[in-house]
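Take a look at the structure set out below.
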Amino acid sequence: MLNIKNILFQIKVPCFIKQQNSQKSWFHLNSVLRVLNVSLQNRCVVVNESSSDKQLHFMKFPTVWLRDNCQCNECFHQSSKSRQIDWVKFDTKVNITNITASDNSISIDWSDKHSSTYSLDWLRERDFHTDKREKYLNEFYRPKTKHWSKNDFKKILSTFEYKNVMEKNNDLKLWLQQLAIYGVAIIKNAGTDKTAVRKLADRVGFIRKTTYGEEFIVEAKPGAKNYAYLSTPLPLHTDLPYYEYKPSVNLLHCVVQSNSKGGENLLADGFHVVDILKKNYPHFFETLTKTVIDWNDIGEDGGLPFHNIWRSPVICLDGDGFYTRINHSIPQRDSHFNVTIEEVELWYEAYSKFVKLLQQESVSFKLSPGDILTFNNIRLVHGRTGYDDNENNVRCIVGAYLDWDIIYSKLRVLMKNYNKNEK
Ligand code: OGA
Ligand code: ZN
Ligand code: ZN
Numbered sequence: 146m147l148n149i150k151n152i153l154f155q156i157k158v159p160c161f162i163k164q165q166n167s168q169k170s171w172f173h174l175n176s177v178l179r180v181l182n183v184s185l186q187n188r189c190v191v192v193n194e195s196s197s198d199k200q201l202h203f204m205k206f207p208t209v210w211l212r213d214n215c216q217c218n219e220c221f222h223q224s225s226k227s228r229q230i231d232w233v234k235f236d237t238k239v240n241i242t243n244i245t246a247s248d249n250s251i252s253i254d255w256s257d258k259h260s261s262t263y264s265l266d267w268l269r270e271r272d273f274h275t276d277k278r279e280k281y282l283n284e285f286y287r288p289k290t291k292h293w294s295k296n297d298f299k300k301i302l303s304t305f306e307y308k309n310v311m312e313k314n315n316d317l318k319l320w321l322q323q324l325a326i327y328g329v330a331i332i333k334n335a336g337t338d339k340t341a342v343r344k345l346a347d348r349v350g351f352i353r354k355t356t357y358g359e360e361f362i363v364e365a366k367p368g369a370k371n372y373a374y375l376s377t378p379l380p381l382h383t384d385l386p387y388y389e390y391k392p393s394v395n396l397l398h399c400v401v402q403s404n405s406k407g408g409e410n411l412l413a414d415g416f417h418v419v420d421i422l423k424k425n426y427p428h429f430f431e432t433l434t435k436t437v438i439d440w441n442d443i444g445e446d447g448g449l450p451f452h453n454i455w456r457s458p459v460i461c462l463d464g465d466g467f468y469t470r471i472n473h474s475i476p477q478r479d480s481h482f483n484v485t486i487e488e489v490e491l492w493y494e495a496y497s498k499f500v501k502l503l504q505q506e507s508v509s510f511k512l513s514p515g516d517i518l519t520f521n522n523i524r525l526v527h528g529r530t531g532y533d534d535n536e537n538n539v540r541c542i543v544g545a546y547l548d549w550d551i552i553y554s555k556l557r558v559l560m561k562n563y564n565k566n567e568k
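Numbering-wise (this note's numbering), the sequence shown opens with residue 146 and increments by one.
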């Protein structure tokens, strides 16, 4: 069979582009299986690749966008992959005076006397077609999230071997994809060395430091400076809601597990619970998205006193109504409530419903030493059941955080270099 890519062909576009809507005629020089047509329509360049019997690619690119994204050395700094066009002088009404196409690129002459060449591969990756933009956003920008209920948990939970994640790029990529899509995954057999979590974070990028340090040890401590450092039950919550830049992903490494009853971890998908609230209790949903809450943490760690406050609703939305963040922590909700008196009771009703739904949708499981529970702290809520703590029965979790910027960046690098760098 003929490989289309290997067939040399050339198309020339006559250079009489004067009227924007005119259809051009084409002629090709060789006998071809694939025909490339370029034309200008309504200040867009239309690139149409077809074979003798079917259309292969139909793409449209706005003129102004093409000029803005010229890839020549003058307009684009190659080593930093950065645009360096002088935008103070940039002419948004720039016109095309000539287009030519070869088998794998198109070249344009501009009314500002500049010339640009764009490879077809480069153009295909930037196709404005809705499907192509969606694919880019949902696969490359950030994998599309899938919300899960309590009943789905067993199906959606993935486990990975620590050694594989540390050594194989494909396992690292799959773990990060699971985290992005479902917000949870467990890494098994990490051993009980307290440095395992740091090594894992370093494999992705670097630890996100907080008031409580880089790694933090969760164990029952006398005179606990944080509510988590008790052996009592830890109700469902998100960590550090009192930070504007809340740490994104928790890594909780079980080093010693309690032999007593309890010490189980709890998890619920906050976004799924928001789906339920939005559908069944729209008034409560609205209240929790609009009422700004003061989250706080006052204390001292390693000799450093702190007083953190961040004001934000329980359910945060972006301009398109997508959920961006859940804030929830009973211990760390400030008694300062900066709303009018009339707003208070409705908010309490709404929050109470939300907390009950979170509880209803939560799962519990007991980690074994060597397990690292990893989950999205922006979206999931987590907690722990109480346990007996005494000299014969201790529990020790080493925790650390990663930020989504660092995780998504690593994921994109892995996706792009996947075939080249696979270990
Ligand atoms: C915490 C926490 C969970 C656990 O420290 O914030 O949620 O398993 N700990 O102890
Ligand atoms: Zn240029
Ligand atoms: Zn926590």
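Heads up, the beta-carbon is just placed ideally off N, CA and C, and yes, glycines get one too. Quick caveat: nothing in here was measured; it's all calculated off a predicted structure.
- Taking a C-beta distance under 8 Å as the contact criterion, I230 and V363 do not qualify as a contact pair.
- N395 is classed as buried because its beta carbon has at least 16 other beta carbons within 10 Å across all chains shown.
- Within the chosen limit of 7 Å, ligand 1 reaches the beta carbon of V363 through at least one heavy atom.
- As the crow flies, the alpha-carbon of T356 is around 22 Å from that of R540.
- At least 8 Å separates the beta-carbon of P386 from that of S509.
- For the pair E431 and R478, the Cα-to-Cα distance works out to about 19 Å.
- In this structure Y286 is exposed. Its beta-carbon is surrounded by fewer than 16 other beta-carbon atoms within 10 angstroms.
- CA-CA distance, H222 to S247, rounds to 25 Å.
- The segment 446 to 501 is shown to contain whole beta strand (DSSP E) runs of 3 or more residues at 449 to 457, 460 to 462 and 468 to 471, in chain order.
- N522 and L433 have their C-alpha atoms roughly 18 Å apart.
- Taking a cut-off of 6 Å from the heavy atoms of ligand 2, the residues with a C-beta inside it are C215, C217, E219, C220, H259 and S261.
- Three or more pairs of CB atoms, one per stretch, sit closer than 8 Å, so the segment 342 to 351 contacts the segment 541 to 560.
- Annotation for D276: the continuous alpha helix (DSSP H) segment containing it runs T275 to K280.
- Every unbroken stretch of the beta strand (DSSP E) spanning 3 or more residues and falling wholly within the segment 227 to 265 is given here in chain order: 241 to 246, 250 to 255 and 260 to 264.
- The criterion of a C-beta distance shorter than 8 Å is not satisfied by F499 and D439.
- Out of K238, T237 and D254, the CA that lies nearest to the CA of T245 is found in D254.
- The Cβ atoms of N425 and D442 lie no closer than 8 Å to each other.
- Taking the Cα positions, V239 is about 38 Å away from L559.
- Under DSSP, H202 forms a beta bridge with E194.
- The set of residues whose C-beta lies within less than 6 Å of a heavy atom of ligand 3 reads, in chain order, A373, H382, D384 and H527.
- By the criterion of at least three beta-carbon pairs nearer than 8 Å, the segment 522 to 536 is in contact with the segment 378 to 392.
- At the C-beta level, G515 and K333 come within 8 Å of one another.
- Looking at the DSSP output, H428 bridges to nothing.
- Residue L211 holds the alpha-carbon nearest to the alpha-carbon of I241 among L211, S227 and Y468.
- The Cβ atoms of Y307 and A341 sit closer than 8 Å to each other.
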